[in-house]
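To start, the structure itself, in structure tokens.
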Amino acid sequence: MNQAIKDIEQEIIDDFKLFDEWAEKYEYVIELGRKLPIMDDTLKTDSNKIKGCQSSVWMTTKFTDGRIYFEADSDSTFVKGLIALLMKVMNGQKPEDIVAAPLDFINQTGLTTHIAQTRSNGLMAMIKQMKLYALGYQMKAETH
Amino acid sequence: MNQAIKDIEQEIIDDFKLFDEWAEKYEYVIELGRKLPIMDDTLKTDSNKIKGCQSSVWMTTKFTDGRIYFEADSDSTFVKGLIALLMKVMNGQKPEDIVAAPLDFINQTGLTTHIAQTRSNGLMAMIKQMKLYALGYQMKAETH
Amino acid sequence: MTATDFDVESIRKDFPILSQKVYGKPLIYFDNAATSQKPQAVIDSLVKYYSEYNANIHRGVHYLSQKASIAYDDVRTKVQRFVNAETDKEIVFVRGTTEGINLVASSYGRKNIAAGDEVLISAMEHHSNIVPWQLLCEEKGAILKIIPMNDKGEIIFEEFEKLLNARTKFISIVYISNSLGTINPVKKIIAKAHEYGIPVLVDAAQAVAHLQVDVQDLDCDFMAFSSHKMLGPTGTGVLYGKMKLLEDMPPYQGGGDMIRSVSFEKTTYNDVPFKFEAGTPNVADVIAFGAAIDYLSNLNHATIESYEKELLNYVTEQLSEIKELKIIGTAKDKAGVVSFILEGINAMDAGMYLDTLGIAVRTGQHCTEPAMDFFKIPGTIRASFLFYNTKDEIDALVEGVKKAIKLLK
Amino acid sequence: MTATDFDVESIRKDFPILSQKVYGKPLIYFDNAATSQKPQAVIDSLVKYYSEYNANIHRGVHYLSQKASIAYDDVRTKVQRFVNAETDKEIVFVRGTTEGINLVASSYGRKNIAAGDEVLISAMEHHSNIVPWQLLCEEKGAILKIIPMNDKGEIIFEEFEKLLNARTKFISIVYISNSLGTINPVKKIIAKAHEYGIPVLVDAAQAVAHLQVDVQDLDCDFMAFSSHKMLGPTGTGVLYGKMKLLEDMPPYQGGGDMIRSVSFEKTTYNDVPFKFEAGTPNVADVIAFGAAIDYLSNLNHATIESYEKELLNYVTEQLSEIKELKIIGTAKDKAGVVSFILEGINAMDAGMYLDTLGIAVRTGQHCTEPAMDFFKIPGTIRASFLFYNTKDEIDALVEGVKKAIKLLK
Ligand SMILES: Cc1ncc(COP(=O)(O)O)c(C=O)c1O
Ligand SMILES: Cc1ncc(COP(=O)(O)O)c(C=O)c1O
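Chains as they are written, first to last, in my numbering: chain A, 1 to 144; chain B, 1001 to 1144; chain C, 2001 to 2409; chain D, 3001 to 3409.
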């Protein structure tokens, strides 16, 4: 695994270790969600919507200098918080690193046990979508 | 209820009170079964067979001087014992008394809790058949 | 005795889970419409069964089997009395409401519903009372018609009457809606349906825990409910059916216990209700379900109903004062449930926040997606009550909702 | 370690019911083929569930629901490992063997069996593996064919081969016969069937408690078994199916949990296995079933098998010495069961006598009426074993049988 990704994941895991209580973790994620940059409504199209999420989730990407930048939004503040966590790890990484990363760090934050199945399916769908984008860019790069 | 029937029932119930244990009750019923007069094989016809009994049970009657006499047999010694108990109560009684009798004394012997459902259905079928015979004789008598 | 005399604290002691802590906070359980909690008597009944007389029933000659058979059969009579059926033969044990409805759709439905026939259900049905009829109608080329409701979540009776015609062959309707709380006028609906000779199934999944249910008074043809929503264990439930209807129905599943005699050439079926109970029954849970019925029967039903009414009124008043909150389902006749949305706030986010406080509510569509579509919402936050809930718990809920709004707005 | 090293006394302490007295005598439980007894761990699991985290699962946002969901889902993986399925998606929770077979007959069968097609079962099937196929064949105009057995109660493999042809569309066969004890060569049968492209369902109701079952090694297409026969609670069980087959099958029952999205116009179904699990699952019993699997998995399977073999050999030897006694079912490969008749003595009379001694056996047809017809007997006395039984218990049984003969002859 790419060291940068690993480091950021560890940082996040360590952040969550500061909280003893689920309530604190919850409020932290909500706070992250609130701070997530607002996505332009014109980008909230059906084609940008991620299937398999109970809540509405839209996602789009930019690819600059061989690095991927995600932009995403949701009608759920909590989900936006999860998006923020994923972006911390993935924004600015190389496609191949994202493709290769296990991205299971959220399990280690202790959040997963509190996330209902429908929502955790949504989380999986987001990660899958991010990896698909990365794979797309990777293949494009390789064929060039 | 006819006093004679009631008395015999009570006698049987009292007999069973002498036994503390299910094993003793069982052996007593088996003993009664062994002592039941043998039914002639020619009487063991399909039309004399009682439906609804798991074990084979045949039954026939005689009607003399306004009184009913049952004859019955089974391939189960225990069922023969039950037949013997029923006969003690019902043989020699008038049709109308048999029709009117509740005939639930076996419940009070403490046997019923040990009799599997299939077998207790058979017991019910026997009692029903005896009552049907009695009803037949009663109606015949009334129309004459 | 008025509802306020009702000693809820002493009742709560009967339910061990109610003294659980969640995240170090006392559990506040408002998810009763999903499943109820169990009194100690029900748990003890399971322990006693498995420790003392577990056995397969009905065909056994031995002591354990006799004891288990008697205990099992006894529950059929308890259920009969509980819903006031004419005979205990009208009580079929099934896995739960869902299986009860599927049994009727599959066995009665396949025999009696043909192409072009119409089946009526209401706009507020649980998926378990929609999908079996969709499957049946699709197979048979029959048509599923929907009895509409108004903005309060009440059935529009005149519209229901208009739907009745000679092609209407079956009606299946919920007694109390699990997502809106509406108590439907099922007695009136049944009486009207019977004028046309149409049989009616009542989905009483929610009703049995809240109302005194009387199948003869309602004159319903079928009724289905689940043990787990009325203090009993998961995995069992009841289909009530009128004797004549049950007798005319073909078997549902084949197997042990439902037969009289099997040969490769000819198999004959057992009598009702056994014809519908193939395989080893759920002996332990049925017996423990009996303990739940005993518990419920020992309560004073009138007191319970008025206490629950008081809770519902109280929570409705309290929540109505929150301006960002809108209650979904405002029928005149309601029981057990308050569903609401918070303006601009995702329901699951709010539910998760309440969870951090130890308050258990449910969020989403509550298996009534078409009803949510009707209100044009993705789902609600639902708090559902039973007699062991308290006003203090409601205060905590209201506080929690207010804080959720502050945090998530 | 040999079987004789097996510490049965310490095992017995795990099963509270085994220290029960019946009529003041120690219970001797030889009715294991009907249902097994439960270790304390299974009972504890139920108590813990209902006292600490009872909740409806999968769609809940709250702590209890999360905890219950995780525990429930976990059992699917345990079952997967227990039977060595490829993925836990191939594990469908059902009420028991009977429902599992009915599910396949109804869902797979209705879709794939047509008029003139043939379904094969054997002459020793349990009613639960006969009647569902009779119902299906009757509905479809298909033909039920019977694989014959010899006087020992063994399938005649050459006859089986002769029955296979292009019209054969399904085979459903018992792994271990509950009335004869025969272990069928299911692996060989499946391999032969697959040469013709015919799918095979294995009724493993009896097998799971005795053998190490491996669905991938057997290569069976479906397998059904019941929790209650393998130390778990009543009311739950498993249908295993190969992923591809399950995915192609239409839903069985409609309701909550088995759908992806419901509208009155269009309903879409959930993925396998949820597509087949309509309604509130039997959460508590599935979780306790997990405890049973843990218990079984912690035993040394080889030791258990050889200990049980020892018991079977011992009881067979002992009973064979009684001249009025005839063993029914003398296959070379046997497990768990000894069935016998006593010359001139009604089987139930003998069973009742054994009951007076505190010995629990079963008498009658054992839900295999056609097999009894084959042997031209109304039924047998059946003693069935599990690893917690002892040679002393067998001695008591043999003594009891001798006394029964003396008393009843
Ligand atoms: C061989 C066999 N198949 C099927 C069954 C049916 O199992 P259940 O009654 O648990 O559905 C049994 C149990 O009686 C059995 O022994
Ligand atoms: C109104 C209603 N109908 C049917 C059901 C289905 O009940 P079960 O899941 O116990 O089969 C429920 C419970 O969720 C319900 O609330």
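Heads up, the beta-carbon is just placed ideally off N, CA and C, and yes, glycines get one too. Owing to the predicted nature of the structure, the values given are computational and were not obtained by experimental measurement.
- Per DSSP, reduced to three states, the secondary structure at D:Pro3370 is helical.
- Taking the Cα positions, C:Ala2360 is about 20 Å away from C:Ser2320.
- Put simply, of D:Leu3144, D:Asp3151 and D:Leu3180 the residue whose alpha carbon is nearest the alpha carbon of D:Arg3167 is D:Leu3144.
- In terms of Cβ geometry, D:Pro3273 and D:Leu3246 form a close pair [threshold 8 Å].
- The beta carbon of C:Lys2152 sits closer than 6 Å to those of Thr2330 and Ala2331, all from its chain and outside the five residues before and after it, given in chain order.
- Relative to the Cα of D:Gln3253, the nearest Cα in the group C:Glu2099, C:Arg2081, C:Pro2250 and C:Asp2333 belongs to C:Glu2099.
- In the DSSP annotation of this structure, the continuous segment of the beta strand (DSSP E) that includes D:Thr3380 starts and ends at Thr3380 to Ser3384.
- Secondary structure in the segment 2092 to 2159 of chain C: the alpha helix (DSSP H) runs of 4 residues or longer, each lying completely within the stretch, are 2097 to 2103 and 2131 to 2140 in chain order.
- Within 7 Å of the CB of C:Val2061, the CB atoms of chain B belong to Ala1116, in sequence order along the chain.
- Note that the segment 3360 to 3374 of chain D touches the segment 2061 to 2068 of chain C; at least 3 beta-carbon pairs, one per stretch, sit closer than 8 Å.
- Between D:Asn3346 and B:Ser1055, the C-beta gap is smaller than 8 Å, which places the two residues in contact.
- A Cβ-Cβ separation of about 15 Å leaves A:Ile98 out of contact with A:Met124 under the 8 Å criterion.
- Judged by their CB atoms, D:Asn3129 and D:Asp3203 are nearer to each other than the 8 Å cut-off.
- At a cut-off of 8 Å between C-beta atoms, B:Thr1061 does not count as an interface residue with respect to chain C.
- Note on C:Arg2095: 16 or more other CB atoms within 10 angstroms of its CB, so buried under the neighbour-count rule.
- Residue C:Leu2046 holds the alpha-carbon nearest to the alpha-carbon of C:Val2283 among C:Val2338, C:Val2174, C:Ile2171 and C:Leu2046.
- Around the beta-carbon of A:Leu85, 16 or more other beta-carbon atoms lie within 10 Å, marking it buried.
- Comparing alpha carbon positions, the residue from D:Glu3154, D:Ala3193 and D:Glu3090 closest to D:Asn3165 is D:Ala3193.
- The three-state secondary structure of C:Leu2319, taken from DSSP, is helix.
- Taken atom to atom, the span from the alpha-carbon of C:Val2079 to that of C:Asp2214 is near 11 Å.
- For C:Pro2185 and C:Tyr2175, the gap between their C-alpha atoms comes out near 8 Å.
- Residue environment analysis places C:Ser2226 among the buried positions, since at least 16 neighbouring C-beta atoms fall within 10 angstroms of its C-beta.
- At least one CB atom of chain D sits nearer than 8 Å to the CB of A:Thr113.
- Residues of the same chain with a CB within less than 7 Å of the CB of B:Gly1110, apart from the 5 flanking positions on each side, are Phe1016 and Lys1025 in chain order.
- Neighbours of A:Glu21 in chain C, taken as residues whose beta carbon is under 7 Å from its own, are Tyr2023 in chain order.
- Per DSSP, B:Arg1034 is one residue of the alpha helix (DSSP H) stretching across Trp1022 to Lys1035.
- The beta carbon of B:Asp1073 sits no closer than 8 Å to any beta carbon of chain D.
- Interface annotation, B:Thr1077: in contact with chain D, CB-CB separation under 8 Å.
- At a beta-carbon threshold of 7 Å, the residues of chain B lying near C:Ser2069 are Gln1117, ordered along the chain.
- Checking the 7 Å criterion, the Cβ of D:Thr3097 is within range of a heavy atom belonging to ligand 1.
- Residue pairing by DSSP places C:Leu2239 opposite C:Val2092 and C:Ala2224 in a beta bridge.
- A:Ile127 does not reach chain C, its nearest Cβ partner there being about 19 Å away, counting only Cβ pairs nearer than 8 Å.
- Short note on D:Cys3220: C-beta not closer than 7 Å to any heavy atom of ligand 1.
- According to DSSP, D:Arg3362 shares a beta bridge with D:Arg3382.
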